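Reading through the structure tokens given below for one structure.
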Amino acid sequence: MDSNPLVAIIVGLVTASSIYVWKSDEFNKTQKTFILFCIIFPPLQWIMILLAKYYNNLAYKKSKEFKKEVLHYTEEKKIDNSKTTLQELKDSGIITEEEYKTKIEKIDIQKTELAILNSKEYIQLKSLLDSNILTKEEFKSKVEILRHSNIKSEILEKVSPQKFNSVEFDSLESENKSSTTKTYFLSFLALIALYLLIYLFFNNGNIGNENIDKKPTSVDSTYINNSYQNTTYIEPLKIKKFVYVVMKIEKPNLDVYEPKGFINSVGFYETFDPIYSINYEKETYSTDIIEVNDYNINEKYKVLDDAKNRMHSQLKFADDAFSTNLWVKCKDDSKREEFEGIRSKITDSQIFEFESYSEASIHKQDNLDINPK
């Protein structure tokens, strides 16, 4: 085998990867220098390219700027989804036109408040407050000025062209998959090059092939035939039941306690930072009574899972409202990040089963404490 074409291929790949690193903005100066130095051993250079790309991507995703952009976009998307949900409910006749307009006005207020909190002017004021250049009273008064209608419209115009737009957010997953594909491809090339180098330097002869005699394993047909003999099919007995499910849930609510201020020794009025906490609103729900013709252990858990899935769909609206309320009312970034992942949950679920619909209905009426209306 002639080795010259293989050497030419490796040289070409090394040259291409070196030019890519030199012209790319994905690497800093130190990384470029080290990676280009690894040109003496191509597989090491390609592996270092992969490691540098992975490290830089991971560092960016851990940055505060990236997290803030994702959080801001997520909140805006939740608000927009709430509008879509309200429109669907109005079209279905579940809510009236007046209720729809009232809810939309509240959502628009929340979206405006969210835009103000992410505006350049608000961030500048917050920086002055953190630097003790502005007092809390001055900061609050300036924020109220931002909420003035004329200034508010100017802020909304500035905030609208977001740096982190929906296309970038929605394509983030596909971009990660594309990056993973490139990583696998470069790893594959590195392994091939390493194999070729080993082949060029250490392959001095042909490797003989050995024939391996494989005998087919015989199957004892007698056992198979006997296993089907004397078998009688008995149709399982079907049991009809009337059932309903009771679930206990907990929904998070944000509590904001603002301690009273005091006059210090210098004569200035000082205030304490608000105290944020989470309390859970506990509720109990029951489903309608349903008839199950073939009730068994599988059907029991299927009914339970269906009830839980429907409840989780309803709890999504409560979670969206909690997230929006958290973003608007909680001014402490660390607390907001701590509470960010809190969601409503089902703490307990129980299924009641009866022989007849009347028994199920009577039981449900006699236990109104677990079946609130």
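Anchor point for the sequence shown: position 189 equals 189 in UniProt numbering, and the numbering is continuous, going up by one each time. Note that beta-carbon positions come from the ideal geometry of N, C-alpha and C, so glycine has one too. Values in this document were obtained by computation on a predicted structure and should not be read as measured data.
Tell me the rounded alpha-carbon separation between residue i and residue j.
{"i": "phenylalanine 27", "j": "glutamine 45", "result": "13 Å"}
{"i": "methionine 311", "j": "isoleucine 123", "result": "39 Å"}
{"i": "lysine 136", "j": "lysine 316", "result": "35 Å"}
{"i": "valine 143", "j": "leucine 125", "result": "8 Å"}
{"i": "tyrosine 280", "j": "phenylalanine 37", "result": "58 Å"}
{"i": "alanine 59", "j": "valine 303", "result": "45 Å"}
{"i": "isoleucine 39", "j": "tyrosine 20", "result": "13 Å"}
{"i": "lysine 238", "j": "asparagine 293", "result": "7 Å"}
{"i": "leucine 71", "j": "lysine 120", "result": "17 Å"}
{"i": "lysine 83", "j": "glutamate 69", "result": "21 Å"}
{"i": "lysine 335", "j": "tyrosine 257", "result": "14 Å"}
{"i": "glutamine 87", "j": "glutamate 98", "result": "12 Å"}
{"i": "valine 159", "j": "isoleucine 346", "result": "Because the pLDDT at valine 159 is just 49, under 50, the model does not fix this residue reliably, and the value given afterwards should be weighed accordingly. Using only the alpha carbons, I get a separation of about 38 Å."}
{"i": "glutamate 299", "j": "asparagine 367", "result": "24 Å"}
{"i": "valine 328", "j": "lysine 140", "result": "14 Å"}
{"i": "phenylalanine 354", "j": "serine 313", "result": "27 Å"}
{"i": "aspartate 130", "j": "lysine 29", "result": "34 Å"}
If distances are taken between C-alpha atoms only, which option among the options comes closest to residue i?
{"i": "glutamate 270", "options": "Ala318, Asn132, Pro5 and Thr324", "result": "Asn132"}
{"i": "lysine 64", "options": "Ile346, Ser344 and Asp333", "result": "Asp333"}
{"i": "lysine 251", "options": "Gln31, Asp288, Lys302 and Phe322", "result": "Phe322"}
{"i": "valine 11", "options": "Gln31, Thr30, Phe34 and Pro43", "result": "Pro43"}
{"i": "aspartate 320", "options": "Lys331, Asp305 and Glu340", "result": "Glu340"}
{"i": "tyrosine 301", "options": "Phe352, Lys282, Ile47 and Glu359", "result": "Phe352"}
{"i": "aspartate 348", "options": "Thr15, Lys308, Ile9 and Leu71", "result": "Lys308"}
{"i": "leucine 254", "options": "Leu146, Glu338 and Ile104", "result": "Glu338"}
{"i": "glutamate 283", "options": "Ile94, Lys331, Glu291 and Met247", "result": "Met247"}
Along the chain, where does the beta strand (DSSP E) containing residue i start, and where does it finish?
{"i": "glutamate 281", "result": "275 to 286"}
{"i": "aspartate 255", "result": "241 to 257"}
{"i": "lysine 345", "result": "345 to 354"}
{"i": "glutamate 26", "result": "Segment: none, glutamate 26 is in no beta strand (DSSP E) and carries neither H nor E."}
{"i": "valine 266", "result": "Per DSSP, valine 266 belongs to no beta strand (DSSP E) and is neither H nor E."}
{"i": "isoleucine 290", "result": "290 to 292"}
Under the rule that 16 or more other beta-carbon atoms within 10 Å means buried, what is residue i, buried or exposed?
{"i": "alanine 52", "result": "buried"}
{"i": "proline 259", "result": "exposed"}
{"i": "asparagine 209", "result": "Since pLDDT at asparagine 209 reaches only 44, below the 50 mark, its modelled position is unreliable, and the value read off the structure follows with that caveat. So asparagine 209 ends up on the exposed side."}
{"i": "isoleucine 362", "result": "exposed"}
{"i": "tyrosine 244", "result": "buried"}
{"i": "lysine 62", "result": "exposed"}
{"i": "tyrosine 276", "result": "buried"}
{"i": "asparagine 264", "result": "exposed"}
{"i": "glutamine 31", "result": "buried"}
{"i": "serine 344", "result": "buried"}
{"i": "threonine 287", "result": "buried"}
{"i": "alanine 8", "result": "exposed"}
{"i": "valine 14", "result": "buried"}
{"i": "lysine 364", "result": "buried"}
{"i": "serine 17", "result": "buried"}
{"i": "glutamine 110", "result": "buried"}
{"i": "residue 377", "result": "Outside the shown range of the chain (1 to 373) lies residue 377, about which nothing can therefore be said."}
{"i": "asparagine 118", "result": "buried"}
Need the endpoints of the alpha helix (DSSP H) that residue i sits in, please.
{"i": "isoleucine 49", "result": "42 to 61"}
{"i": "asparagine 298", "result": "297 to 329"}
{"i": "leucine 134", "result": "Run containing leucine 134: none; DSSP gives neither H nor E here."}
{"i": "phenylalanine 339", "result": "333 to 339"}
{"i": "serine 92", "result": "It is not in any alpha helix (DSSP H) - serine 92 carries neither H nor E in the DSSP assignment."}
{"i": "residue 411", "result": "In this structure the chain extends from 1 to 373, so residue 411 is not present and cannot be described."}
{"i": "lysine 238", "result": "Unbroken run through lysine 238: none, as it is neither H nor E."}
Q: State whether the stretch 102 to 121 contacts the stretch 72 to 79, with contact taken as three or more CB pairs (one from each stretch) at a distance under 8 Å.
A: Touching, yes.
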